[in-house]
Each structure stands twice: as structure tokens, then as C-alpha cells.
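Numbering (this note's numbering), first residue to last: 10 to 249. Glycine included, every Cβ here is placed at the ideal spot set by N, Cα and C. From a predicted model like this one, the values you see are computed outputs, not experimental measurements. Let me begin by presenting the structure, written as C-alpha cells, before commenting on it.
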């Protein structure tokens, strides 16, 4: 059964519990127990979309930041373009992308998520590169490193704290933005939240999706923070 089919079952289940249960509590173990498969499917979809968007955004943002670092006149246009994309309302961006990719295609959500993550990654990666000590660059030049060699051996390793900060910010932001995809049936935990509103404001369904969304963001942020501490032992005080 497809996830959209499971979402439909969630709607029906929510309606049944909203009418049968005593009152409408904000949390219900009965709802969690009886809809565990649907909830786990939504969580998996949410985590998958987040991971895919962050990885793709990193692959695009890193070269853009390097170009802006090497060619200073391009810094303004690159940051301005990514900034403009970031300011577009999420609903409007999704409405613009979906007709070209397909309203029933998760790629519509993925494209929007990648565009939003670009600014955070480009800006923080560029900031990390700009903070590389001048003496380190001079030492690399004295050792005979060319531009590419210095980038790979000196600049990028020393810029890792900034890069990781950008990845962390983009990840947390993406976890929240995935919920917008519920409008076309690919919103992960957002499907539960939206389903709760549609099911006569079924509180248990809304709160379950919200708690899991916040929890996923916290877990991913802590995981990336731990990875950052392992990769940058010399800068543990700055990776927060």
C-alpha cells in the first residue's frame, strides 16, 4: 500500500477515534498504538526527504561558495540569488514547481527544500572560508600549493566549523519545511498534522506529528553536532 493510501487510512482512523473517544485529548496512546505503522511510515518519509534535500543542497552549495570565495565579484550575485530564493513563500514555491514536476511527485517537495537550504549552506561555507587565517594561506603558498591544493588541504579543513554550522541550520530548517509537502501528499509528519485539522481538529494526531517533527530536528542536530566535534577537535568551542 502506498503512503498516500496509508494517509487516507489515518484520516479515517482519526475520524473514528475523534467520535468514539471520550473528549478530544491532545495525546492518546490508543491513537499511537493503533496507527503505529502509519506514523512510522510518515517519520521515514520525513527523514528521507530531509536527508535527500540536505545532501543535494550541500553538493550544490559547496561549489557555489568556493566560486564566491575565489572570484570576489561573484560573491554578491551568488548570495543575492540564494537569498531571493529563500524569501519566496514556501506555498508559492511549491505551487510553482509542482505543475512542472508533477503534483503527485515527491520531487516537487525535494526541489523546493533544496532551494531553501542553499542560502544557509552557501553563506556559512563562505563565512568559514573567509575565516581561514591569513598565515595559514601564506604557509600553504610557501609550500608550493596551488589554488586547488590549498583549497583541499588548507581552506576546506579549516572552514569545517562554518560548513557544519550551515549543514545543521539547513537540516533543522528543512525538517520544519517538509511539512508543507502535505499539501500534495508528501509532507511526512506534516500529513499527520494536516490530517488532524481535517478530522474535526483531532488533537492527538496533530500533537503526535508535531512532537515527532521537533524530536527529529533535535536528534539530527545533535548527531551533526557530534560529527562536527569529531571532525574539528581543534575548534570544539566554536561548533555549537
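Could you check what DSSP says for residue i in three-state terms: helix, strand or coil?
i           : result
residue 30  : Unreliable placement is indicated for residue 30, whose pLDDT of 48 sits below 50; no coordinate value is reported for it.
residue 113 : coil
residue 140 : coil
residue 232 : helix
residue 98  : coil
residue 130 : helix
residue 154 : coil
residue 149 : helix
residue 206 : helix
residue 237 : helix
residue 196 : coil
residue 182 : helix
residue 38  : helix
residue 168 : coil
Pull up the distance between the alpha-carbon of residue i and that of residue j, whole angstroms please.
i           : j           : result
residue 289 : residue 152 : The chain is shown only over 10 to 249; residue 289 falls outside these bounds and no answer can be derived.
residue 19  : residue 95  : Note on residue 19: pLDDT 42, under 50, position unreliable in the model; the coordinate value appears next. Rounded to the nearest angstrom, the two C-alpha atoms are 32 Å apart.
residue 50  : residue 197 : 8 Å
residue 216 : residue 227 : 16 Å
residue 38  : residue 214 : 11 Å
residue 242 : residue 58  : 30 Å
residue 139 : residue 159 : 14 Å
residue 195 : residue 172 : 29 Å
residue 41  : residue 208 : 16 Å
residue 221 : residue 52  : 8 Å
residue 175 : residue 204 : 32 Å
residue 82  : residue 206 : 49 Å
residue 169 : residue 210 : 45 Å
residue 89  : residue 105 : 20 Å
residue 238 : residue 180 : 17 Å
residue 148 : residue 136 : 21 Å
residue 68  : residue 76  : 13 Å
residue 165 : residue 63  : 19 Å
Can you give the beta carbon distance from residue i to residue j, rounded, assuming they're within the 8 Å contact cut?
i           : j           : result
residue 212 : residue 86  : Contact doesn't hold; Cβ gap of about 47 Å is too wide.
residue 61  : residue 119 : 6 Å
residue 66  : residue 126 : 4 Å
residue 219 : residue 202 : 6 Å
residue 107 : residue 117 : 4 Å
residue 163 : residue 177 : With a Cβ gap of about 23 Å, residue 163 and residue 177 do not count as contacting.
residue 103 : residue 141 : Actually they do not touch by this definition, with Cβ atoms about 38 Å apart.
residue 232 : residue 134 : Going by Cβ atoms, the distance from residue 232 to residue 134 rounds to 20 Å, so no, they are not a contact pair.
residue 188 : residue 199 : 3 Å
residue 56  : residue 225 : 6 Å
Report buried or exposed for residue i, applying the criterion of at least 16 other Cβ atoms within 10 angstroms of its Cβ.
i           : result
residue 54  : buried
residue 44  : buried
residue 115 : buried
residue 111 : exposed
residue 47  : buried
residue 121 : buried
residue 132 : buried
residue 78  : buried
residue 129 : buried
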